[in-house]
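2 protein chains.
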Amino acid sequence: MTKNKQFHHGDLKTALLRAARDLLDEGGETGVGVRAVARKVGVSHAAPVNHFKDRRTLLTALTAELIDDVRADIDLRLKVAPKDPFVRIEAIATAFIDYGVRHPNRYALLWRYDVVDHESEMMRSRSDVIYELICNEIDILASGRNIDRDTIAIGLWSMVHGYIDLKTVGMFEDRNDSVTGDERPKALIKMFRTVLDNYGLNLSK
Amino acid sequence: MTKNKQFHHGDLKTALLRAARDLLDEGGETGVGVRAVARKVGVSHAAPVNHFKDRRTLLTALTAELIDDVRADIDLRLKVAPKDPFVRIEAIATAFIDYGVRHPNRYALLWRYDVVDHESEMMRSRSDVIYELICNEIDILASGRNIDRDTIAIGLWSMVHGYIDLKTVGMFEDRNDSVTGDERPKALIKMFRTVLDNYGLNLSK
DNA sequence: ATGACCTATTGACAGTGTCAATTTGTTACC
DNA sequence: GGTAACAAATTGACACTGTCAATAGGTCAT
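Here it is in structure tokens:
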């Protein structure tokens, strides 16, 4: 009565988003069309227009949900992580990497500026939260040191995101070396630690 | 006689690719459709099928051309660059960054695994060339030192690519700090130099 | 119960990718 | 030189897609 089966369908909006998520997993962004989503829910082809005026707004709403999922996972990991900023930064990074590996289609959608409206407040606020999450740990790490915080944060986030993206494309598949595929992320983060340890000293150069 | 005006149109294939490139700049990947490209060239809607059996193969061929452009630009920069591996690596990185800033739609297409066939030999070989281009400089830099070459190469490429990608999405727009927007790339590369200087020492840890 | 309002359906429109059948143009051979 | 073989481009069709207007349905307050 309160939420279910109150109108024609119940709450179609959440059902549409759930169907959209499934279609995204199955067939990527291309697979989540307005009509396809409606079909999956079992509703007429123009029904979604009442809740999402566009395919763009539908995808944007879905993306917002996905970002919330990532953020929730990060919070979970940070809650059980020790106070050491290094391992907390590593926790954030691995949260992203795990998500990208587990759900490549979802992760790819997050950064599609052509089909998702990142200018919307729904997106901007969520991006800011993620960014501040990273900065928080770096600030703790950098307390008292002369450090270019934003460059480090941007560099770290860029490396993590770029790695997931390039890996998904298949760019790093045949690179044979001493580090096995699954350990590469850890090696990357460990490498970046070098920056965190030494970069502050070089700033005055 | 040899190449131009030999058949109905001349060489349609290159004309289609040129039109596709223009449409990509104007409207992104979505804008470059089979029919739209044909229309732009002034040919019937199914004409492209003789040269590209798919929209996918059309986009893949276009992407191959774009990668060649980037590679040519890198070669040009490396030719006039000094022998210092640091500045050569910086040259490669800035080549990518400049390209991404100048042609965001082209750059975005390069990494779209859903519409471009990166498994094709046309793509694989080109990716390998780029990767080896980076590794060459790192190898010179690392000669005699105990260094995990691939992790550094992957980390560098990931950071550069991720920065371009996230910047295009608009992720770093309101980050106010001491570094102005245009100098951020240089700061990132300078920061990464810290890794190159120190990482080899930490490997035994 | 009546009217207002939100929600969903239906039908249409222009546009897309892809395929089969056809026509056109070019080349090579006898 | 005429003709057959072949490649290239056109045409028309099919099943899709997103979006919009008009319609019908269900729910609520008055």
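Heads up: the sequence lines are chains A and B, in that order.
Anchor point for the first sequence: position 152 equals 152 in UniProt numbering, and the numbering is continuous, going up by one each time.
Anchor point for the second sequence: position 154 equals 154 in UniProt numbering, and the numbering is continuous, going up by one each time.
A virtual CB, placed ideally from N, CA and C, is assigned to each residue, including glycine.
Here the structure is a predicted model, which is why all the values come from computation and not from measurement.
CB contact below 9 Å: residue i versus chain B
i	result
A:His103	no
A:Ala64	no
A:Gly170	yes
A:Leu188	yes
A:Ala108	yes
A:Asp148	yes
A:Met1	Note on A:Met1: pLDDT 34, under 50, position unreliable in the model; the coordinate value appears next. By this cut-off, A:Met1 is not an interface position.
A:Gly33	no
A:Asp11	no
A:Arg184	yes
A:Ala20	no
Under 9 Å from the C-beta of residue i: neighbouring residues of chain A
i	result
B:Leu23	Those within 9 Å of B:Leu23 in chain A number zero; the least Cβ separation is about 13 Å.
B:Ser127	Val169, Gly170 and Met171
Buried versus exposed call for residue i [16 or more other C-beta atoms within 10 Å across all chains shown]
i	result
A:Thr30	exposed
B:His45	exposed
B:Glu132	exposed
B:Val195	buried
B:Ser127	buried
B:Glu26	exposed
B:Asp165	buried
residue 229 of chain A	With chain A represented from 1 up to 205, any question about residue 229 of chain A goes unanswered, as that position is not in the structure.
A:Arg145	exposed
A:Val37	buried
B:Thr180	exposed
B:Ala72	exposed
Neighbour list for residue i in chain B, Cβ cutoff strictly below 9 Å
i	result
A:Leu166	Trp111, Ile154, Trp157, Ser158, His161 and Gly162
Proximity of residue i and residue j at Cβ, strictly below 9 Å
i	j	result
B:Asp114	A:Ala19	no
B:Thr60	B:Met122	yes
B:Gly155	A:Leu188	yes
A:Gly33	A:Leu23	yes
A:Ala91	A:Pro185	no
A:Asn105	A:Gly170	no
Proximity test, Cβ basis, 9 Å: residue i and chain A
i	result
B:Leu17	no
B:Asn202	Summary for B:Asn202: the model assigns pLDDT 46, below 50, so the residue's position carries little reliability; its value from the coordinates is reported in the next sentence. So, interface residue.
B:His118	yes
B:Val87	no
Member of the options whose CA lies at the smallest distance from the CA of residue i
i	options	result
B:Glu137	B:Glu65, B:Asp68, B:Pro82 and B:Tyr163	B:Pro82
B:Tyr163	B:Arg55, B:Phe96 and B:Leu62	B:Phe96
B:Ser120	B:Cys135, B:Asn50, B:Arg106 and B:Leu58	B:Leu58
B:His118	B:Leu188, B:Lys40 and B:Leu62	B:Leu62
B:Asp148	A:Met191, A:Asp174 and A:Lys53	A:Met191
A:Val70	A:Asp174, A:Gly100 and A:Ser125	A:Gly100
B:Gly10	B:Val87, B:Arg21, B:Val43 and B:Leu23	B:Val43
B:Asp75	B:Asp182, B:Arg184, B:Ile130 and B:Met171	B:Ile130
B:Arg21	B:Ser143, B:Ser125 and B:Leu110	B:Leu110
B:Ile134	B:Ser143, B:Phe52 and B:Asp150	B:Asp150
A:Pro85	A:Pro48, A:Lys53, A:Ile67 and A:Asp139	A:Asp139
Distance cut-off 8 Å: residue i Cβ against heavy atoms of the ligand ATP
i	result
A:Asp73	The ligand ATP is not among the ligands present in this structure, which contains no ligands whatsoever.
Chain-ordered chain B contacts of residue i [CB-CB under 7 Å]
i	result
A:Val195	Met191, Thr194 and Val195
A:Glu132	Here the premise fails: no neighbours, minimum Cβ distance about 10 Å.
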